[in-house]
Every structure is written in structure tokens, then in C-alpha cells.
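Numbered per my numbering, the first sequence spans residues 1196 to 1795.
Glycine included, C-beta positions come from ideal geometry on N, C-alpha and C.
These figures come from a predicted structure and were not determined experimentally.
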Amino acid sequence: MSELTAEQLIQSPGDWQRSHHCAQTDLALLGQDVCLMGWVQYRRDHGGLIFIDLRDREGLTQVVFSPDHNLQAHQEAHVLRPEYVLAVKGTVRERPEGMRNPNLKTGQIEVVVKDWKLLNTAKTPPFPIEDRIDVSDHLRLKYRYLDLRRKGMTRNLRLRHEAVQSVRNFLNAEGFLEVETPVLTKSTPEGARDFLVPSRQHPGHFFALPQSPQLFKQLLMLGGQEKYYQIVRCFRDEDLRADRQPEFTQIDLEMAFVQEEQVMRLAEDMIKNVIADTVNQELNTPFPRMSYSQALDTYGLDRPDTRFGLLLHDVTDIVKDSAFKLFASAEMVKAIRVAQGGHISRREIDDLTEYVKIFGARGLAWIKIKEDQWHSPIAKFLGEEEKQQLVRELGLEAGDIVFFQAGGADMVRTTLGNLRLKLAEKLDLIPEDRLDPVWITDFPLFEWDQEEKRWAACHHPFTSPRDDDRDLLESAPERARARAYDLVLNGCEIGGGSIRIHTPELQSRMFQALGISREEAESKFGFLIEALKYGSPPHGGIAFGLDRLLMILGRTDSIREVIAFPKTQKGTCLLTDAPTPVPSKQLAELGLRVRDEQPR
RNA sequence: GGAGCUGUAGUUAAGUUGGUUAUAACGCCGGCCUGUCACGCCGGAGGCCGCCGGUUCGAGUCCGGUCAGCUCCGCCA
């Protein structure tokens, strides 16, 4: 028997056809001949007997090369290495007593090789194709195609597929039409930074990639399509986070002739359905609702995680005459009681103090409640009356610890809102298997843009004010409420929408309130205002961040885990090396020149 | 634009107060092995300690810078 190298053994599959997937081989197939194709997961070469765990997308099957069944095959199979690609034909047989593997779905059986083909060899992968190995993000992204072979990524891609199918099935049944909208579109003011695409045919002119299909979906309502949806890529040229990628996917939908209730009911039914179809969990509808101001008051954030307590209490009034000047002079003082948190050490408090500084806090006041006294750097400033009121407001008991934050309202809320999350994580208070949705409603229409010194749309400039707040647009914009709603799941904003403005008059007033001049409104949004003049139906909708929803359902802490080919935090692709410079000829065609081009 | 963490063999990590030849496990290569299943046993190879500079008799270790990955602030209607 001549010794052939692995490369010499490579063959084409020829007329071999795969009969089963590796996960399908079980006792029901006993005695049958099957043809499997896949990759070598593990090889256990005993010399006289070779076991290969063959992997395909669906699972693993043990195949056995035995000289008793095919001498040549057995001898050739010594060349097999991890990730080699092979096809085997063989017989499914029950494993001998005591040789079964209960950890493997197909562990009752094995496939005895009658004939096989080596379809391809493989370099030794830079990291093992196994879930239990933690590999650096850098390597995983550079060799993403190898990372995708791992079970975790395969599972996440399947989850994504199932979620998308569920959404389509649901919305199709509800009478929605899936319509595509342009990816090459118009740059608009407001919102995130646009990705620009230069126009070759019109030098100096640019398309923008859509931040969302917002205007087109409204135009589809104007186009009489009544119920639209799209699972659509959106682009925002802003810095990345664990839950943010420059391109991400929205489940976008819009309905004509509806009010808030219909959109919210439909949306929660859709989400309920997706969750049942993917992770087999049942949510109760209707989802709970909370006003924006209540969310800020009790959770500090507009995306409350309602899976645990640690609520914020306002104690501004209690300490307004305190001897502790920091409290007395503050615009707002809030507190979090951690029941039986007195064991938190000085060292841990120091870490938390460092943590809150990220949010602009100067420090972190705390009190440990003991049986006989209050242990705290600030206890000496607090009078009996103040202490009594704090006990009442916070429900204090011996063994508790209380954290305080005093200062500007925004800072206090943000700081304690984030501290609350930090504490919950640290103290393991988050029930990981819970899915707690909550609608946030009653958003303000505007928020003050400190940098631009003007009002900015809280949601977007097409969101309708409440009917009875219309006159506030000019007189008291800060009091105007929006017909907007966000859906928050486990403290993550997974969707948001609104009832839109559908008359040209109101839309023009909105632009005015935002400080957008008549001329600018005309040049940027003229087509919309014009369109609204031709019988626009009242309409509204919502858009969900598919990736974020999948992060929660897949119980992963990074958006990269649910995207096949994500970008790094610096917005690059380690696999393709994009973005790259382009030849000057290509730039010239576009009428572009790169300023201060560095020699490379 | 800013802050923090990380960077040592193919991979994951250890590396003490700055001190001789930089460890371990897995992987890889060679050999043995007919019931393993993350097979086992014997042997072997494998290092620009991210990069540049500085301090020092001497730097993986200290300092400055820089690059990359990650987390966060700003930003994200």
C-alpha cells in the first residue's frame, strides 16, 4: 500500500450525494447506509481504529474507520486532521454496550465507513473550532468564517433567521406588504451623521445611506399602501458601542388610519410572537406602560430595566434644609436603598465612587444603617427629623446601605440610573431568564440642544404632537408632548415609533419650531411637505432594532455576536480590511480629491 | 475628542523586588496504540514578550509615546 499525502487523496464528490445531516443519524436509521459530508471536528486515531467526529451545521456524528470493513480506507484515513472536509458512505450501527456517549445527540450510534472521499484539506486553524475556548475578538473577526463554524455563532445566526421568519409570517398574516426602499437616498439634517456616497454622474453631489427608511415609509402611506413593513439595513456614522454598529437592521413598519393603540397592540403581538417562536417564552399582553417622566423619576433612565427593584427615591425635599450643604443646595437629591447591602465594603464603595464619576458625579454619598447608629461620613450632618423622614421614604432597616447623589437633575438621574444597574449586576439581582417588556409613553416633543442652542426633536421631526398640545409648538415647546412610544425590554430600547404629522401645515410649524428655516425646510423636505398636500392619511408606525432584540433573546452581551460580519469598535472590518484607500483614478471619476493625503 | 482594561509560543494564560537558558496547558510535528469520544503513552519543534524610544550594568517587568482589540463618556433625531 503506497503512502499518499493528503493532497494526493483529495477528490471531487463526483456523484456522491449527502443523504443525511449529522444530527439526523440516530437509532431509527440502524442498519441503513448513509452518506454524510462535513468537517473533522475531532480525530481519535488509535492506530488500528480511527474515530472521527464529523461535523456539519446540524451536529456531530462519530464515524469509524476500521481495517475490518475497508482496509484501504482505514490506512488512508491516518492523514485526517481537524477541519479536513470529507464525505463518507457507511452503515449506521448501534454502538457496543458501554461505548455510548450520552453527551452527544447521536451518541447511541456510529457510522462504519465502507467508502470515503477526502474533499479538501485544511490549514491548522488559528484557533480551535470549539465553543468552550474563549478567543480574542481580534482573531475571531479576522477569521470570521472559522468563527462562524462554531456552535455559538451557528446558533445565533439560526436565531436571527427564525426571528426574521417569525416577523414576516406575523406581518404577512396581518396584511402587511414588504416593500423595499432606496439605499441611495438623500442626506437630511437632524439625526446622526450620514454615510455619504459620491455621485459619479453628478460630481460634487452625494447620496446618503439611510439612517432609517422614515420618509419613504411615510410616502408609502401617502402612496396608499396602508400597511408596510421591511427588514432593512440602516446606517449611522457614529461611534460604536457593545450594542451599536454603523450598519444595523431594523424591523420597520408603518400603518395608515391608526392611532397609538393600534400600533402598540400590533407591535406587542409581533414581539410576543417572535419570542414564542424563537426562545419559546410566553409574554403577557398588553405590555405594561410607564410614562417617560416616571421612568426617569424611578429608574433614572428612559429605558428602565424592570426585572429588579433598587428604585430611585427623591429626597430633595427631605434634605432641603440639611446641615449638609451639598444636599441642601442641590437641584435634586435622590437615593437608592440596597436592602441588606451593608456588607458592601469600603473598597467596593470606592470602586462604585470611581464608576459614578464617568457620569459627571463628583462623589458618592452613602449610609450604612446599623441597629444602633448610622455609619457614614455624612451621618453627622443629618438631624433626627431628616433621618426619620429618610427611614419613612426609603423603608430603611438595619443592615441596609443607601447611596445618594446630589446635583443637577440630569446628572443625578443618569448617575443613579447607571449605579442601579451596576449594583444589580454586582449583587446578582437580575433574573437572567426573565423577559420584561415595558412601553415608555408621554415623551416630550422637544429637548433642548445645549450645543446648538435650539430645540431638537426628541424622537424625530415627523412625530406628531398630541392634539391638545399643538398650540404649545410656538408658545411653550418644552411642555409639548409627543405621540411617541418606545418599547424597552430588559433595560434595552428595542423599538420606538410614533404617530406622524400628516398635514403640511403642522409639519411646517414643526420645522419652524426646530429652527429650520423656510428655505432649508423647502430644500431638504420640500418633497414631503408637497406630498402631504395630496390627501395624506393619518398614519404611524414603529421600528425595532433587530440586532438588539437578538442580543437579548440570544443572551449575549455584544451586538457582534448576532451579526455574521460585524465591524470593530473603530468601524473597520478585520476580515476584508475595509475601509481602504482607493486609486486616484477612482477618485477622479467621482470628482473627489483627498486632502492632505499621507504617503503610505 | 476623552477615560479605562488588555496585548508573552498557533491558542489560552502564568511570569515574584528589574537579574542566569521566559513557564504551563492545549494545539502542531514524528512514533506507538482495535473502542475512543476534549482518547492515551513516548519524543520533538515552536518566542521581535504588539511596535518605537527612554531609564538602567541589566527591561517581558519601570517611564514616555504609538498601534490594535474591547468597555465606557461625548456622539447615536
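Quick one: what's got a C-beta closer than 6 Å to G1710's C-beta in the same chain, skipping five residues either side?
R1649
Could you round the C-beta distance between F1522 and V1514 to whole angstroms and report it? I think they count as a contact, below 8 Å.
4 Å
For Y1801, write down the residues that DSSP places opposite it in a beta bridge.
Since the first residue shown for the chain is 1196 and the last is 1795, residue 1801 is missing from the structure and cannot be characterised.
Anyone know if the C-beta pair for T1636 and R1460 falls short of 8 Å?
no
The alpha helix (DSSP H) enclosing K1780, as first and last residue numbers:
1779-1784
With a threshold of 16 other CB atoms inside 10 Å of the CB of M1294, please say whether the residue is buried or exposed.
exposed
Kindly list the residues whose CB is nearer than 6 Å to the CB of V1607, restricted to its own chain and excluding five residues on each side of it in sequence; keep chain order.
M1527, K1529, Q1600
Give me, in chain order, the residues of the same chain whose beta-carbon lies closer than 8 Å to that of T1301; leave out the 5 immediate sequence neighbours on both sides.
C1217, A1218, T1220, D1221, G1254, L1255, T1256, Q1257
Rounding to the nearest angstrom, what Cα-Cα distance links D1210 and E1278 in this structure?
23 Å
According to the Cβ coordinates, are D1447 and K1412 closer than 8 Å?
yes
Does DSSP put P1794 in a helix, a strand or coil?
Caution is warranted here: a pLDDT of 42 is assigned to P1794, below 50, making its placement in the model unreliable, and the coordinate value is therefore given only provisionally. Coil.
Neighbour-count burial assignment, V1777, 16 or more Cβ in a 10 Å radius
exposed
Please report the distance separating the alpha-carbon of W1796 from that of P1572.
No statement about residue 1796 is possible, as the shown extent of the chain runs from 1196 to 1795 and does not include it.
Residues bridged to D1447 by DSSP?
Q1425, A1738
Opening and closing residue of the beta strand (DSSP E) in which S1693 lies:
1687-1694
Of the residues F1554, D1329, D1438, A1783, the one placed nearest Q1396, counting alpha carbons only
A1783
Can you tell me the Cα-Cα spacing of F1365 and E1463, whole angstroms?
12 Å
CA-CA distance, K1617 and V1259?
51 Å
Going by DSSP in three states, C1768 sits in which element: helix, strand or coil?
coil
Taking only the alpha-carbon atoms, compute the straight-line gap between L1770 and K1552 and give it to the nearest angstrom.
37 Å
Measuring only the C-alpha atoms, how far is L1507 from R1615?
8 Å
DSSP state of M1527 mapped onto helix, strand, coil:
strand
Report all residues from its chain with a CB closer than 8 Å to the CB of K1780; omit the five preceding and five following residues, and keep chain order.
none
Are P1732 and F1452 close, meaning C-beta to C-beta below 8 Å?
yes
Measure the alpha-carbon distance for N1685 versus V1633 and round it to whole angstroms.
8 Å
Identify the continuous beta strand (DSSP E) that holds D1644 and give its terminal residues.
1641-1644
Is N1367 helix, strand or coil by DSSP?
helix
L1334 and P1323: beta carbons closer than 8 Å?
no
Quick one: what's got a C-beta closer than 7 Å to E1792's C-beta in the same chain, skipping five residues either side?
Below a pLDDT of 50, predicted positions are generally treated as unreliable, and E1792, at 49, falls in that range; no measurement from the model is reported.
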